[in-house]
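These notes are about the structure you will find just below.
Number of protein chains: 2
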Amino acid sequence: MLRISKLTDYGTVVLAHLAHSGAAYASASEVAAATGIGLPTVSKLLKTLARAGLVNSIRGAQGGYRLARDAGRITAAEVIDALEGPVSITECSASDSHCDLEAVCNVGSAWQRINVAIRRALDDISLADLARANAPTPRFHFAGTPVSVERTEK
Amino acid sequence: MLRISKLTDYGTVVLAHLAHSGAAYASASEVAAATGIGLPTVSKLLKTLARAGLVNSIRGAQGGYRLARDAGRITAAEVIDALEGPVSITECSASDSHCDLEAVCNVGSAWQRINVAIRRALDDISLADLARANAPTPRFHFAGTPVSVERTEK
DNA sequence: CCAAATAGGACTAAACTAGTCCCCTTTAAC
DNA sequence: GTTAAAGGGGACTAGTTTAGTCCTATTTGG
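Protein chains in written order, with this note's numbering: chain A, 1297 to 1450; chain B, 1297 to 1450.
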């Protein structure tokens, strides 16, 4: 179910390594060696992350990458957005795709709401959290009006 | 980001229609006509949902489908599981796929935790909720130990 | 100038998705 | 009992997406 791509997963590994490197710039080759991910792939990831503003880069010899901000201030949602683009949980909730069933559907908006909710949750998870293994499993639950409470109105 | 497949989305529409039909059995053709989704697709969806135990079916002439339980007792997580299979948020957190980076990674477990957390949330959303349009957007947040709180320990 | 790097994007093979189709079994109605 | 309506179970295919590689700039330290 609900899947993020392998590249996003790798991206997290790469970012976690940069978090570990602190303020020093690390080259793509260094990161590749340290993480065991192929250099071309690491390179591609870092380029994308740089364009998204999550990492800073220096070109030329002795160049490299480092986190643009503290690991505690980079969110899981940003990482996903950077590497997967602004894809939505359902196709018909994406900007312009106009689903034929709209009139009949009545459902899309619910998935959209779930989508928004999940995004909010991911906004609360930092790269620092992701990089820290063995932390206790967080618990989501609904706040405010619980969506699972039946309303008697039609 | 975090996407469910179009088929799962359709599946929800189909289930929502069955929820509306109540205890009566509706044929795949009826559902297709009512939802505007192609008959072969509806048929495929209903077969899958029947195998997953979310709908009951009667074969033969005058046969059809209806929800196996009350719409309030079918969860979004079940629908996703039935239609997308037990896929996990990251590849390496799936049962047997053995990621080479495991030793280096340290990250997988975090996504896994997020995965579990999202699943829990989806367990709290019923088909009845999904079928009801225009409900207020639910709000997720972390309960217990907030994962975004930095710990000073290394 | 040269070598080490990043920037950007083209390209390809593999995997997955969505959708269709076919043949079988079950069952109600005539 | 025959027929037609309906579900059961897959096989198959076109299209899309993903993952990964590679090539050609451009930048910059020595």
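Virtual Cβ for every residue (Gly too), placed ideally from N, Cα, C.
Going by alpha carbons, who is nearest to residue i out of the options?
| i | options | result |
| --- | --- | --- |
| A/Ala1319 | A/Arg1428, A/Ala1378, A/Ser1353 | A/Ser1353 |
| B/Gly1360 | B/Ile1370, B/Ser1339, B/Ile1414 | B/Ser1339 |
| B/Gly1356 | B/Leu1303, B/Thr1304, B/Tyr1321, B/Ser1317 | B/Tyr1321 |
| B/Ala1346 | B/Arg1365, B/Ala1328, B/Ile1333 | B/Arg1365 |
Where does the unbroken alpha helix (DSSP H) through residue i begin, and where does it stop?
| i | result |
| --- | --- |
| B/Leu1303 | 1302 to 1317 |
| B/Leu1345 | 1335 to 1347 |
| A/Ser1325 | 1324 to 1331 |
| A/Leu1426 | 1423 to 1427 |
| A/Ile1354 | Element bounds for A/Ile1354: not the alpha helix (DSSP H) but the beta strand (DSSP E), 1351 to 1354. |
| B/Asp1377 | 1372 to 1380 |
Is the Cβ-Cβ distance between residue i and residue j less than 8 angstroms?
| i | j | result |
| --- | --- | --- |
| A/Leu1342 | A/Val1310 | yes |
| A/Ile1421 | B/Ile1410 | yes |
| A/Leu1259 | A/Thr1308 | An answer regarding residue 1259 of chain A cannot be provided, because it is not within the stretch 1297 to 1450 covered by chain A. |
How many angstroms separate the CA atom of residue i from the CA atom of residue j?
| i | j | result |
| --- | --- | --- |
| B/Ala1372 | A/Glu1326 | 43 angstroms |
| A/Ser1301 | B/Arg1299 | 10 angstroms |
| B/Thr1344 | B/Ser1323 | 15 angstroms |
| A/Ala1367 | A/Thr1331 | 18 angstroms |
| A/Val1375 | B/Tyr1306 | 29 angstroms |
| A/Asp1419 | A/Glu1380 | 15 angstroms |
| A/Ala1350 | B/Ala1417 | It is worth fixing the name first, because residue 1350 of chain A is Leu in this sequence and not Ala. So the two alpha carbons sit approximately 28 angstroms from each other. |
| A/Thr1304 | A/Ile1370 | 14 angstroms |
| A/Ala1329 | A/Ser1317 | 14 angstroms |
| A/Val1412 | A/Ile1333 | 32 angstroms |
| B/Trp1407 | A/Arg1428 | 11 angstroms |
What distance in whole Å lies between the Cβ atoms of residue j and residue i, which are believed to be in contact at a cut-off of 8 angstroms?
| i | j | result |
| --- | --- | --- |
| A/Ala1378 | A/Ala1348 | 3 angstroms |
| B/Ala1315 | B/Leu1363 | 6 angstroms |
Between which two residues does the beta strand (DSSP E) harbouring residue i extend?
| i | result |
| --- | --- |
| A/Leu1363 | 1360 to 1363 |
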